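Input: a single structure, listed below in structure tokens.
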Amino acid sequence: MSIQTPRIVILTGAGVSAESGMGTFRDKDGLWTKYDLEDVATPEGFARNPALVHAFYNERRRLLHQGEPNQAHFALAELEQRLPGEILIVTQNIDNLHEKAGSKNVLHMHGELLKSRCEKCGEERHCPDDLSTDRACPACGHIGGMRPAVVWFGEMPLHMEQIDDALAGAEQFVSIGTSGQVYPAAGYVQIARTIGLRTLELNLEATSSYFDAGRYGPATEIVPAWVKELIS
Ligand code: OAD
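Sequential numbering of the sequence shown, starting at 346, is according to the numbering used here.
Spelled out as structure tokens, the structure:
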């Protein structure tokens, strides 16, 4: 990630990948209506039942292998190409669909599904395959400590300082497809507004009164339309 002072900071959430089949968390059929997040997205849940947690993320990984970036991901990648150095995507998503669409300046604040981490030696590496409780760490050989390199509830999100710095130097904050329920990401619109950035929401529906403006509809329609306006 080379970008230092982006002009536009774009926060994305599950809604940007929904039309790629990744599912969302809090919508009617969202993942948190089917699973208890305490069981599958906390360090305590992993300690209690690692096999269940692996099964949950193995399923997410399989869905990701079947999915492709959609028109919203591609439009954001084009925006970065047309405005080089001006765009930073901060995503809460653990999928790699922004990168697959061509975006380069992406920060994954909740980690990445296609990476594993060894709880013993801390080594992280690309891991497109299923994880299991009997998998050995390729670096230190320890068995039983492999986990997805994602951020769980109760753990510290990644790249916080870099995101704060980017917001401090930007002109606009755009939130796409996130319900604004999970901090610190949920607080960025308030920070952005307080320090004088223009704030825009793109979502199926309004999530907060902090945005100066909003455009509502499916991401595959409203994101390309917004990008087209911006670069024309
Ligand atoms: P949510 O499921 O909470 O919110 C999804 C948002 O996307 C909602 O506001 C929907 O209205 C919107 N949406 C759904 N489909 C859309 C579409 N086709 N086009 C545009 N918008 C659409 O997901 P997030 O806000 O991303 O964290 O959730 C944040 C975090 O909570 C996740 O990163 C995850 C979860 O628990 C962890 O697991 C740590």
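Heads up, the beta-carbon is just placed ideally off N, CA and C, and yes, glycines get one too.
If you're wondering where the values come from, they're calculated on a predicted model, not measured in any experiment.
Query                                                                                           : Result
The region 441-452 / the region 472-480 touching (three or more Cβ pairs under 8 angstroms)     : no
Distance, T478 Cα to A513 Cα                                                                    : 42 angstroms
beta-carbon G368 near the ligand OAD non-hydrogen atom, thresh 6 angstroms                      : no
Same chain, Cβ closer than 6 angstroms to W497, five either side skipped, listed in chain order : A386, T387, P388
F390: CB within 6 angstroms of a non-hydrogen atom of the ligand OAD                            : A small fix is needed here, since residue 390 is Gly in this sequence, not Phe. Outside the cutoff, so no.
Any non-hydrogen atom of the ligand OAD within 6 angstroms of R480 CB                           : no
Same chain, Cβ closer than 6 angstroms to R480, neighbours up to 5 away in sequence not counted : M491
7 angstroms Cβ cutoff, D474 in contact with chain C                                             : Looking at the structure shown, chain C is missing, and only one protein chain is on hand.
Local conformation of G562 per DSSP, three classes                                              : coil
Among G412, Y402, Q416, nearest to E457 - alpha-carbon criterion                                : Y402
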